Amino acid sequence: MISEDDNVVVVDVRGNIDYCYTGHIPCALNLDWNSGQFEREYQQLPLNVAIINICEHGNRGRYASDFLDQHGYNKVYNVSGGMSVWPYEKVTCKNENPDDCIKQKNQLYFPHIASDNGWKTEIAIINTSSKTSLSGTLKGYNNAGKQVDELKIIDLKARSRYEIKISDIFPDPELISYLIFTYDSDQAYGYLKFYDSSNASYRVAIPAPDTVNHDDIIISHIAVSDGWWTSLNLVNTTAESRTLTFTFNNDPTKVKTLTLAAGAHQAKDLAKFLDGWQLDDIESAVISNAEGIVGLELFGNGKQLSGILLRDKTAETLYYPHIASDKTWWTGVIAFNAGTS
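Here it is, written out as C-alpha cells:
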C-alpha cells in the first residue's frame with residue numbers, strides 16, 4: 130500500500146525514543162499513543178486517505194485505529210505485530226531527510242466562491258517559507274463536487290504572495306462554488322475576500338482553513354433579525370454523503386438537518402433555511418456529525434459585512450486582541466457556551 134499510493138499516511142504511535150533511535154518506516158509521522166499526543170493531535174490526519182498505524186507489537190496501533198474509527202475515519206489499518214515484524218527499510222531521525230517526505234497532500238480550502246449578482250471573490254496564497262519555493266494546483270468545483278476548472282500555480286517563490294480575482298482568471302467563475310489548493314509543502318497560508326462590486330465598503334476577508342473539522346462545528350453567532358442576514362457555506366470533503374444536524378440555542382429540542390453528498394457544497398440563507406421558525410431568539414447553534422466538513426459564515430445588513438470560519442474548536446480562554454471604542458468605532462464581542470453545563 131505504501132509503495133503504490135503516495136497519499137497513504139503512516140503513523141508510528143510509539144514514543145519518540147523508539148521512533149528516533151531504534152528506527153521507523155521512512156516518512157512515518159510520530160504521534161505517541163501512551164503520552165496522549167495521538168488523541169490531542171490526530172486532527173492533522175486527513176480523513177479521505179488510508180491511515181496505517183504501527184507500534185512495536187500491534188496493541189497501541191490497534192487502540193489508535195479504534196480511536197480513529199470512532200472519529201469518522203473510514204480507511205484505517207493497523208500493522209499486526211508492529212515494528213517487531215517489519216521486514217523492510219527503517220530509518221532513524223538522524224539519517225532521515227524531512228524534505229524527502231514532503232508529499233502532494235497538503236491543502237488549503239476556499240469553502241465558498243461568490244461570482245454572481247454583483248458579488249466578487251478574491252483569494253490570496255502566501256508561501257511562508259524563507260528558503261524554498263512552493264508549487265501546487267488550484268482546482269475549482271461546482272455545488273455537486275464536480276471539478277469544473279483548474280489553474281496550476283508553479284514556483285511561488287520564498288516569502289511571495291499570489292493574489293487573484295476569481296472572475297479575472299477563470300473563464301466561467303459563476304460555475305465555481307469552492308476551490309481547493311493542493312501543494313507540495315507545509316508552508317502555505319491563504320485567505321479569501323468577498324465584496325459587492327457596487328459598494329466598495331461592503332467587503333470581508335476570511336482565512337482559508339488548511340484542515341477539515343473532525344468534531345461538532347460551533348456557530349457562535351447568528352444574526353437573522355433587525356435587518357441582518359446570515360449565510361452558512363459548507364463543503365463535504367469526504368467520499369461519503371453526510372447528514373448534518375443543527376441544534377439551536379433557543380430550543381435544543383428543535384433541530385434541522387442538511388444532507389451533503391460527497392464533495393458537495395451548499396450555501397444556506399439561515400432565514401430561508403429556518404422558514405416558519407421564530408427567528409428573534411436564535412443566536413447560536415451546534416452542527417453535529419460534521420467530520421470532514423469545512424465552511425464559513427457570512428453576516429450582512431446592506432451596510433456592513435463580516436464573516437468567520439466555521440470551526441470545531443472551543444477554548445478555556447478567549448483573546449480579543451483589539452478593542453476600538455471612540456466616536457466613530459464600536460466593538461462587539463461574542464462568547465457562546467456550546468457545552469451542556
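Counting in this note's numbering, the sequence shown runs from 130 upward without gaps. We put the beta carbon where it would ideally sit given N, CA and C, even for glycine. As the structure is a computational prediction, the values presented were derived from the model and not from experiment.
Checking the DSSP bridge columns, you'll see Lys268 partnered with Glu279 and Ile309. Under DSSP, the beta-bridge partners assigned to Val139 are Ile181. Across the structure, Gly429 and Pro450 are spaced so that their CA atoms are roughly 23 angstroms apart. Out of Gly187, Asn145 and Arg189, the CA that lies nearest to the CA of Thr221 is found in Asn145. Annotation: the continuous beta strand (DSSP E) that includes Ile252 extends over Trp248 to Asn256. Inter-residue distance for Ala396 and Leu361 is about 6 angstroms (C-alpha atoms, whole angstroms).
Excluding its 5 nearest sequence neighbours in each direction, Asp161 has C-beta neighbours in its own chain below 6 angstroms: Gly144, listed in chain order. DSSP places Ser213 within a helical segment (H, G or I) once states are collapsed to three.
The C-alpha of Arg332 is placed about 8 angstroms away from the C-alpha of Gln433. By the criterion of a C-beta distance shorter than 7 angstroms, Gly201 is surrounded in its chain by Leu176, His343, Glu420 and Gly421, once the five residues flanking it on both sides are discounted.
Asp398: member of the beta strand (DSSP E) spanning His394 to Asp398, first to last residue. For Ala157, the CB contacts under 6 angstroms within the same chain, skipping 5 residues up- and downstream, are Val139 and Asp141 in chain order.
Under the rule that a run must span 4 or more residues, the alpha helix (DSSP H) segments found entirely inside the region 287-365 read 295-298.
Here Gln316 is actually not in contact with Thr250; their C-beta atoms are around 24 angstroms apart, not less than 8 angstroms.
Taking C-alpha positions only, Asn378 is separated from Glu445 by approximately 20 angstroms. Under the DSSP assignment, Ala193 falls in the alpha helix (DSSP H) whose first and last residues are Asn188 to Gln199. Checking the DSSP bridge columns, you'll see Phe239 partnered with Leu308.
Judged by DSSP secondary structure, Arg440 falls outside any alpha helix (DSSP H); it is assigned neither H nor E. For Glu168, the enclosing alpha helix (DSSP H) covers residues Gln166 to Glu170. Taking each of Ala368, Leu197, Trp248 and Leu285 in turn and checking the Cα distance to Gly265, the smallest one comes out for Leu285. Pro336 and Leu438 have their C-alpha atoms spaced approximately 7 angstroms apart. When rounded, the separation of the alpha-carbon atoms in Leu308 and Pro300 is 15 angstroms. Per DSSP, the continuous beta strand (DSSP E) segment holding Thr376 begins and ends at Arg371 to Phe377. Within 10 angstroms of the beta-carbon of Glu185 lie 16 or more other beta-carbons, which makes it buried. Beta-bridge pairing by DSSP links Val205 to Ile180. Contact annotation, Leu304 with Asn271: C-beta distance approximately 6 angstroms; criterion of less than 8 angstroms satisfied.
Under the three-state reduction of DSSP, Ile146 is assigned to helix. Straight-line measurement puts the Cα of Leu197 at about 24 angstroms from the Cα of Thr311. One alpha carbon belongs to Asp339, the other to Glu292, and they sit about 17 angstroms apart.
Nearest Cα to Ala414 within the set Gly269, Asp325, Thr367 and His350: His350. DSSP places Lys383 in the coil class of the three-state scheme, outside both helix and strand. Spatial neighbours of Glu218 in its own chain (CB-CB distance under 8 angstroms, excluding positions within 5 residues in sequence) are listed in chain order as Ile154 and Pro155. Taking a C-beta distance under 9 angstroms as the contact criterion, Ala390 and Ala273 qualify as a contact pair. When the alpha-carbon of Val178 is set against those of Asn159, Val205, Gln199 and Arg189, the nearest one is in Val205. By the 16-neighbour rule on beta-carbons within 10 angstroms, Thr386 is exposed.
Here Asn163 is exposed. Its C-beta has fewer than 16 other C-beta atoms within 10 Å.
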